[in-house]
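Before any comments, here is the structure.
There are 2 protein chains.
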Amino acid sequence: MTLKPKPATELISKTRLRLWLKLLKLTSGIEATLRRRLRDDHDTTLPRFDVLAALSRYPDGLKMSDLSGYLKVSNGNVTGIVDRLTEEGLTLRVASPGDRRAQVARLTPKGRAAFDTLARHHETWVDDLLTGLSADEAETLTRLVEKALAAQEQP
Amino acid sequence: MTLKPKPATELISKTRLRLWLKLLKLTSGIEATLRRRLRDDHDTTLPRFDVLAALSRYPDGLKMSDLSGYLKVSNGNVTGIVDRLTEEGLTLRVASPGDRRAQVARLTPKGRAAFDTLARHHETWVDDLLTGLSADEAETLTRLVEKALAAQEQP
DNA sequence: CCCAAATATTTCAAGCCTAAAATTTCGTAC
DNA sequence: GTACGAAATTTTAGGCTTGAAATATTTGGG
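Chains as they are written, first to last, in my numbering: chain W, -13 to 141; chain D, -13 to 141.
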């Protein structure tokens, strides 16, 4: 009696699809929790947090287009978020010296203070959400994710 | 000469935060590619695809609230997406027999055909995007993600 | 200098998303 | 059978997101 050959090519695409669905479930779940806590505990949103985080790494501010480049969102999107952050007094726009087309977005002192608080909580939340993984497991997972990223970043 | 004790508790939270940022980068990147291909190649969106996928598993249709439950999105959100899918002729609403409050959303034959095509492409895209991982690596990754999910799903 | 192409940003239309309010219907206690 | 709370859905207001159009400015070739 002969065995059929294992259809390896078909199986791996199913394995990868299954992996993708699990990955999506994990990250969507974590993201939903982060959004909820930002909203309920700090009356803010993830996109606002992301903008504050980017600006906090550039004390001299970032041009609007650089900001949208780092965050991988559209220019028009950043315009709206910075508008709202500025209304709240967390950021401000300065004219770019030497280029009257460009605007530089910066944190205000209030913005920096708000971000510091948010960042501390954010790290705690993430730690709690990934509490199921030991340090070793987290490192293995990170390594595999990096490998997937490396292959994906080619195009 | 004495060595300082390793601050293990602090390190693991940093390890987990790093993992989270990598995970987010991987899934956001994959999701962005899937959205772009759905738009450019099939003139549709990921939320529409998700609704079609859910309905395709229930030939008799799903109540609007069950649909929003499965997809983990709000009721009002599902109302809008099904509105648009119905305008496009891919879904329809039927009155729920025995409960005049409820609506059942179903695929039309056109909707089923559209989903079948999309699903084939979707699987190929995901396979390509995760091509950096061998079958073994994908399985290890899946197992670790499942472990993280199990711990996270408690609350 | 002058002007055309390129660049930086904002505005706009449309879709997605949520929480909360409004509407309709159901089920039940009386 | 009537009224009242619960359930299913839609509507609404507001924020996020994109791509494309509009605006303002810069830059480089002639």
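All C-beta atoms in this analysis are idealised placements derived from N, C-alpha and C, irrespective of residue type, glycine included.
Residue j beta carbon less than 8 Å from that of residue i
i	j	result
Leu135/D	Lys0/W	no
Leu24/W	Leu32/W	yes
Thr30/D	Trp111/D	no
Arg4/D	Thr126/W	no
Lys133/W	Gly118/D	yes
Arg2/W	Asp36/D	no
Asn61/W	Ser51/W	yes
Gly47/D	Arg92/D	yes
Under 7 Å from the C-beta of residue i: neighbouring residues of chain D
i	result
Ser(-1)/W	Glu109 and Asp113
Arg4/W	Thr128
Residue i classed as buried or exposed, judged by whether at least 16 other C-beta atoms fall within 10 angstroms
i	result
Ala142/D	Here chain D covers residues -13 to 141 and nothing more, so residue 142/D does not appear.
Thr77/D	buried
Leu116/W	buried
Thr103/W	exposed
Leu53/D	buried
Ala81/W	exposed
Arg86/W	exposed
Arg34/D	buried
Gly66/D	exposed
CB contact below 8 Å: residue i versus chain W
i	result
Lys182/D	Residue 182/D lies beyond the stretch modelled for chain D, which goes from -13 to 141, so this question has no answer here.
Thr103/D	no
Gly15/D	yes
Leu32/D	no
Leu41/D	no
8 Å Cβ cutoff, residue i in contact with chain D
i	result
Lys49/W	no
Ala124/W	yes
Leu38/W	no
Leu10/W	yes
Contact set between residue i and chain D, taken where Cβ atoms lie within less than 9 Å
i	result
Glu73/W	By Cβ distance, chain D contributes nothing, its closest Cβ being about 26 Å from Glu73/W, past 9 Å.
Closest Cα partner of residue i within the set the options
i	options	result
Val131/D	Leu(-3)/W, Leu9/W and Arg2/W	Leu9/W
Ala105/W	Gly62/W, Arg43/W and Leu7/W	Arg43/W
Gly45/W	Glu125/W, Ala99/W, Glu109/W and Asn61/W	Note that residue 45/W is Pro in the sequence shown here, rather than Gly. The shortest C-alpha separation from Pro45/W is found at Ala99/W.
Gly84/D	Glu73/D, Arg34/D, Arg92/D and Lys49/D	Lys49/D
Gly75/D	Leu57/D, Val64/D and Thr94/D	Thr94/D
Lys58/D	Glu17/W, Glu123/W, Lys133/W and Gln138/W	Glu17/W
Trp6/W	Gly47/D, Glu123/D and Ala137/D	Glu123/D
Asp26/W	Thr72/W, Gly66/W and His107/W	His107/W
Thr72/D	Asp113/D, Thr13/D, Val90/D and Arg2/D	Val90/D
Ile(-2)/D	Glu109/W, Ile67/W, Arg79/W and His28/W	Glu109/W
Phe101/W	His28/W, Arg21/W and Gly15/W	His28/W
Ala137/W	Ser120/D, Gln138/D and Glu139/D	Ser120/D
Proximal chain W residues relative to residue i, where beta-carbon distance stays under 7 Å
i	result
Leu53/D	Those within 7 Å of Leu53/D in chain W number zero; the least Cβ separation is about 17 Å.
Gly118/D	Lys133, Ala134, Ala136, Ala137 and Gln138
Interface partners of residue i on chain W, CB under 8 Å
i	result
Ala121/D	Ala(-6), Leu(-3), Ile(-2) and Thr1
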